[in-house]
Each structure stands twice: as structure tokens, then as C-alpha cells.
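Everything below concerns the one structure shown next.
There are 2 protein chains.
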Amino acid sequence: MPPVEALAIREVDRPGRLSDQVVAALRAHIESGELAPGARLPTEQLLGERFAVSRAVVREAIARLKADGYVETRQGAGAFVAARPGLASFRIGHEGRIEARELAQIFELRAAVEVAAARLAAERRTRGDLAAIRAALEQMARALVDGAGGADGAVADDAFHRAIATATHNAYLHRFIEFLGHHFSESRRLSWTDAGRRADQPHAAQREHERMYAAIARGDAAAAARAAEDHLRGSAARLGVGSAGRRAPRGGQMHG
Amino acid sequence: MPPVEALAIREVDRPGRLSDQVVAALRAHIESGELAPGARLPTEQLLGERFAVSRAVVREAIARLKADGYVETRQGAGAFVAARPGLASFRIGHEGRIEARELAQIFELRAAVEVAAARLAAERRTRGDLAAIRAALEQMARALVDGAGGADGAVADDAFHRAIATATHNAYLHRFIEFLGHHFSESRRLSWTDAGRRADQPHAAQREHERMYAAIARGDAAAAARAAEDHLRGSAARLGVGSAGRRAPRGGQMHG
DNA sequence: CCCAGCTAGGCTGTCTGACAAGCTGCTAAG
DNA sequence: CTTAGCAGCTTGTCAGACAGCCTAGCTGGG
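Quick mapping for you: the protein sequence lines, in order, are chains Z and H. Add 1 to a position in the first sequence, counting from 1, and you land on the number used in the working numbering. Add 1 to a position in the second sequence, counting from 1, and you land on the number used in the working numbering.
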């Protein structure tokens with residue numbers, strides 16, 4: 002919870018751009034089903050009157066909804082709600098904010114791809130990949146003994162996970178991991194400073210990092226996957242992120 | 002600037018919107034590093050003169066780049082390249098087109114999340130979840146015997162995977178699987194029609210689907226993961242999608 | 001009655017000009 | 001030397017206009 006609060010203090014009561022408000026309003030109408038797929042939106046002029054803004058602002062809002070796949074426009078015909086709204090892009094959080102209960106679910110998604118990445122990295126890493134991973138590992142080790150380099154530790158932590166993503170030689174997997182990691186940069190920084198350091202969290206994480214590196218270095222895909230799984234579970238626990246869903250009584254083995 | 006001229010010549014049958022061309026040109030400049038993170042973009046008026054378009058078009062282009070996290074604007078100061086460009090949203094393909102070599106990598110990403118989803122679905126599925134999965138399974142079975150319902154089969158195939166995603170009770174995992182599946186709808190349709198049917202592809206896929214359902218129904222997470230893995234591997238083979246990266250020889254010797 | 005073709009109105013896409021809000025660097029007063 | 005204020009520039013917003021395109025409805029012939 003605290004990490005999320007820390008994220009939320011960025012901006013106070015900025016009204017924000019007018020187009021942002023129009024985007025939010027229209028998207029809400031679409032997601033609520035009030036504007037069903039295939040339905041035609043009011044004309045730009047009418048929307049401008051409804052929201053009391055100029056047509057330029059309405060056009061900017063519709064352009065963004067179009068880019069995200071919520072609406073499609075046809076010159077001369079009008080703007081229509083897409084058949085499957087919002088599937089043109091994948092985003093996280095609402096207007097930059099991430100709720101606490103969402104965090105657990107996002108973390109579970111992150112675990113899925115990072116475990117797969119560790120497995121693939123073990124199978125495909127080159128010498129250069131290994132050197133990059135080890136470099137990040139050693140930088141984190143230095144940050145641990147230095148005691149002052151909290152920010153450096155967080156940066157190296159980020160670099161470690163990115164280096165593994167690179168070693169998969171899969172551009173999309175790489176980019177998705179960077180995308181997810183981007184939204185965790187703040188909480189990662191907290192682990193490496195103040196409260197996190199006192200709780201010895203970086204030392205625990207570092208032991209898990211070393212297991213991951215060792216498995217990837219010797220090309221043991223199954224062990225790399227297990228080590229990544231343990232690390233992600235450990236990270237979730239350190240962040241205070243619980244399980245994302247209910248556990249069924251049976252079939253609970255986590256290692257396949 | 003030549004890039005704009007080249008774009009205008011390239012598309013004869015579909016000129017495309019002017020703002021799309023400006024977006025593509027600016028994004029290319031950013032991704033190539035020509036416009037480094039933190040650098041200030043030319044003013045809107047200057048960009049309008051360079052691309053020979055009005056300021057309104059430039060503004061629309063910058064609004065989209067801003068939404069995708071490529072640039073940040075500050076009123077009165079200017080527009081600046083973001084520190085980590087493009088990490089505000091995750092997209093697939095360039096302007097709607099997906100290259101063949103990209104398909105293998107995207108499929109690998111999809112496999113990672115769908116296998117994780119099958120595992121979680123086995124742990125968390127409710128009676129209602131199971132009923133939805135079984136309904137899609139039976140609809141595919143009917144499409145197989147009907148012989149004429151190719152389109153229905155593809156729809157049910159989609160529904161099957163979505164129902165499993167729902168059973169994870171993880172909104173983000175669900176949404177990401179829908180996002181990925183959205184870009185595979187065309188190829189899934191092909192498997193269920195004409196060439197795919199003659200090659201008996203739907204029957205092979207159905208056997209894999211049934212294994213997945215059985216494992217999820219009895220709450221066997223490990224078996225569900227294995228069945229999903231086999232199914233995704235089978236789907237990739239049926240689509241003619243090869244491995245996304247090089248496989249290391251057994252024992253994991255390094256190469257490169 | 002039915003249908004093909006045309007026409008008129010409306011909508012999005014683009015352009016132009018203008019003003020408001022906010023930032024930056026320079027300058028002049030203290 | 002410090003600092004408050006000013007001037008110029010840039011983004012944000014508004015208003016009006018026209019071109020390209022689509023659709024509904026009318027019209028005329030079959």
C-alpha cells in the first residue's frame with residue numbers, strides 16, 4: 002500500500018488538459034456499454050457543445066480513442082464505437098495511477114512473462130548476454146556493500162531484469178518486460194532505500210538473483226524458471242502484494 | 002523533409018491521414034535516436050512548415066505520441082522526448098501489419114501468458130467458469146461435425162481461450178490475453194476454413210483443447226500447464242510459425 | 001410497383017488566424 | 001550581487017471556413 006500512495010502524490014489538483022477529460026468521459030460511456038459497439042457517436046460539433054469545448058479539443062480526444070482502438074472514424078460518415086473496444090493497445094493503470102488491488106494482478110502477469118523469459122534466456126543466451134546479466138548482478142552487490150547507493154541498486158536491479166529479457170532474443174517479450182518494469186520502477190526504488198534496506202530486503206533479493214544467474218549461465222532452463230518463480234514470489238512478498246486470486250484446495254503445486 | 006515526400010508517394014491507393022504520416026516520421030526519428038530522450042522537439046509551427054501541414058495536424062500527431070509515452074509537453078516550454086520513449090502503452094505490429102518473423106515472437110509471448118493462465122485457471126476456476134469453458138468446447142465440437150460452420154468454429158475457439166482467461170480471476174491477465182488474441186483472429190479463422198479443414202487441423206486442436214479442459218476441471222495445475230504448452234506448440238506448428246529464437250544444444254553450450 | 005441514378009445535406013479532415021496560459025532568459029532596480 | 005519584473009516565445013484553446021466523402025431521399029424510367 003505505501004508504495005502506491007507514494008506514486009499518487011505526484012500532482013495535486015491539476016484540472017488537466019481538457020482533452021483528457023473528454024477522453025475519460027467518452028471512454029467511460031463506451032466501457033459502461035452506454036455506447037455499444039457499432040453505435041455512432043454524436044458529431045464532433047455536438048460533442049463540443051455538450052462538453053462546452055471547441056471542436057479542436059473534441060477532435061484530439063477522438064484521435065486518442067481511435068489510436069487505442071475504442072472508436073473508428075469514416076470521413077463523411079461519422080465516428081463509431083469499435084467492435085472490440087480498446088484492444089488496439091495494452092495499458093496499465095488509470096491516468097497513471099495504479100490501485101493496490103490491481104498491483105497484485107499486474108505482478109502475477111509480470112511473473113508469468115519473467116519466468117518464461119528466464120527459461121528462454123537459459124536456452125538462448127550468448128556470451129555477451131551473460132556478461133550483461135553478470136554486470137548488473139555485480140553492480141547490485143556493490144550497492145549492497147556501499148550502503149549509500151540506494152538509487153544505483155534500483156537501477157542495477159532494473160538492468161538485471163532487462164538483461165535477461167534481452168537474452169531471450171525475442172523483441173516482443175523484451176519490450177513487454179520493459180513495459181511492465183517501467184510501472185514498477187518506483188516500488189523497486191523503495192525496496193532499495195530506507196525501509197527496504199533496514200529490512201534487509203536487497204540481500205534476500207540478491208540471493209535469488211544469484212540463483213537465477215547461475216541457472217541461466219549453465220543453460221538449465223527448468224532451474225532458471227524455478228529460480229525466477231521464487232524471485233518473483235519473494236518480490237511480491239517484500240512489496241506486500243498478496244495473491245491475486247483465491248487458491249483452490251487441490252492441485253496447488255507451483256513447479257511444473 | 003524527404004521522409005514525408007517518400008511516405009506520400011508510397012501509398013497510392015490509401016493516402017492515409019496526414020497525422021498518421023507525421024506520427025510515423027516523428028516516432029522514427031525518436032526510435033532511431035536522432036531525437037534523444039530529453040531533447041526538445043521543434044515548435045509546432047516549425048514542424049508544420051517542415052511537413053507542409055497545418056498546426057492542427059501537427060498537434061494531433063503530437064497528442065498521439067504523448068498518449069503512447071514518446072513525448073511529454075509542457076505548456077509554454079515545448080515538447081520533449083520522454084526519458085523512456087514508448088513505454089506508456091504496449092502495441093503489436095506496425096500500422097496494423099504484422100511481419101511473419103514477428104509472428105513467431107508474438108506467439109512465444111502468447112504461449113507464456115496462456116500457459117500461466119491455464120495453470121491459474123486450474124487453481125481458481127468456479128463452476129460457472131467451467132461451464133463457460135465447456136460450452137465453448139462443445140460449440141467447437143458441433144462446428145467440427147457440421148462441416149459448414151467454419152466461422153462459428155473460429156468464434157468458439159476464441160471463446161474457449163477467453164473463458165480460460167476469465168477463470169484466472171485476474172483482470173490484467175484476462176485483458177492481455179484478449180489483447181493478444183485480437184491480433185490472431187484472422188489466422189484463427191483460416192485454421193477453421195478451407196485449407197485448415199482439409200488438413201484436419203481443427204480435429205488436432207480439439208484433442209488438445211479437451212486435454213486442457215480436463216486438467217482445469219480436475220484442478221490439476223501442472224497438467225493444465227503442460228496441456229496448454231502442447232496446444233500452443235501445436236497451434237504454432239499448424240500456423241507454420243517456427244521457433245522464435247535459436248535453440249541451444251543439449252547441455253546449454255554457449256554460442257556467439 | 002420497383003429500382004437505378006442523381007442530388008442535397010451532413011460529417012470528418014484540413015487549413016487559417018487569433019487569443020489565453022504558462023515558461024524562460026534577460027534586464028534593471030535595490 | 002541578488003531579485004523582481006518584463007518581454008518574447010511556445011503550447012493550449014477557440015472560432016470560422018472549405019474540401020473530400022458518405023448517406024438518405026428524391027426522381028425518373030422500366
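No residue lacks a Cβ here, since even glycine has one placed at the ideal position from N, Cα and C.
Just checking: is the beta-carbon of H183(H) within a distance shorter than 7 Å of some beta-carbon in chain Z? yes
Straight-line CA distance for R102(Z) to L48(Z)? 34 Å
DSSP three-state assignment for V24(H), whether helix, strand or coil: helix
By the three-class DSSP mapping on this structure, what secondary structure does H184(Z) have? coil
Does the beta carbon of Q46(H) sit closer than 7 Å to a beta carbon anywhere in chain Z? no
Grab the span of the beta strand (DSSP E) containing R75(Z) for me, first residue to last. 72-75
List, in order along the chain, the chain H residues whose C-beta lies closer than 8 Å to that of Q106(Z)? N171, A172, Y173, L174
Could you work out which residues of chain Z lie near S90(H), taking near to mean beta carbons separated by less than 7 Å? S90, F91, R92
Within a Cβ cutoff of 6 Å, which residues of the same chain sit near T169(Z), ignoring the five residues on either side of it in sequence? A118, L121, A122
Neighbour list for A136(Z) in chain H, Cβ cutoff strictly below 8 Å: None at all; the shortest Cβ gap to chain H is about 16 Å.
Straight-line gap, V59(H) to A53(H) (C-alpha atoms, nearest Å): 10 Å
Measuring CA to CA, which of A25(Z), R189(Z), R143(Z) is closest to R239(Z)? R189(Z)
DSSP beta-bridge partners for G79(H)? R75(H)
Identify, in the order they occur along the chain, each residue of the same chain with its Cβ nearer than 7 Å to the Cβ of F177(Z), setting aside the five sequence neighbours on each side. V114
By Cβ distance, which residues of its chain are closer than 6 Å to G220(Z), with the 5 residues on each side in sequence left out? A123
Output, in chain order, the set of chain Z residues within a Cβ distance shorter than 8 Å of A64(H). S20, E61, A64, R65
Is E109(Z) close to chain H? Criterion is C-beta to C-beta, closer than 7 Å. yes
Run the CB neighbour count on E109(Z), radius 10 Å, all protein chains shown included, and call it buried at 16 or more, exposed below. buried
Quick one: Cα of S55(H) to Cα of E61(H), how far? 10 Å
Quick check on DSSP: helix, strand or coil for R41(Z)? strand
Mapping the DSSP letters down to three states, classify H170(H) as helix, strand or coil. coil
By Cβ distance below 8 Å, which residues in the same chain neighbour A162(Z) in space, the five residues on each side in sequence not counted? It should be pointed out that residue 162(Z) corresponds to His in this sequence rather than to Ala. So the qualifying residues of the chain are E115, I178, G182.
Can you name, in chain order, every residue of its own chain whose Cβ lies under 6 Å from the Cβ of P250(Z), other than the five neighbours on each side? Unreliable placement is indicated for P250(Z), whose pLDDT of 42 sits below 50; the coordinate value is still reported in the next sentence. No residues qualify anywhere along the chain.
How about V82(H): is its C-beta nearer than 7 Å to some C-beta of chain Z? no
Go through its chain and collect everything with a Cβ distance to A237(Z)'s Cβ below 6 Å, but skip five positions before and after it. F108
7 Å is my cut-off, CB to CB: does V58(Z) come that close to chain H? no
So A166(Z) contacts chain H; which residues on that side make the cut at Cβ distance below 8 Å? Going along chain H, no residue has its Cβ under 8 Å from A166(Z), so there is no contact; the nearest lies around 11 Å.
Identify the continuous alpha helix (DSSP H) that holds H232(H) and give its terminal residues. 222-239
Mind checking whether I63(Z) and R126(Z) have CB atoms under 7 Å apart? no
Could one say the Cβ of F180(Z) lies closer than 7 Å to chain H's Cβ atoms, at least one of them? yes
Using a threshold of 6 Å, is the CB atom of A117(Z) nearer than that to any non-hydrogen atom of the ligand FMN? This structure lacks the ligand FMN; in fact it carries no ligand of any kind.
Since A206(H) meets chain Z, which of its residues come closer than 8 Å, beta carbon to beta carbon? Result: empty, since nearest Cβ-Cβ is about 22 Å, beyond 8 Å.
As a quick exercise: from I99(Z), R92(Z), L88(Z), Q140(Z), pick the residue whose alpha carbon is nearest that of D69(H). R92(Z)
Do the region 66-85 of chain H and the region 25-41 of chain H touch if we need at least three Cβ pairs shorter than 8 Å? yes
Starting from F108(H), follow its DSSP beta bridges and name the residues at the other end. DSSP output for F108(H) lists no bridge partner at all.
Which whole-angstrom value describes the C-beta separation of A172(Z) and Q106(H), a residue pair presumed to lie in contact below a C-beta threshold of 8 Å? 6 Å
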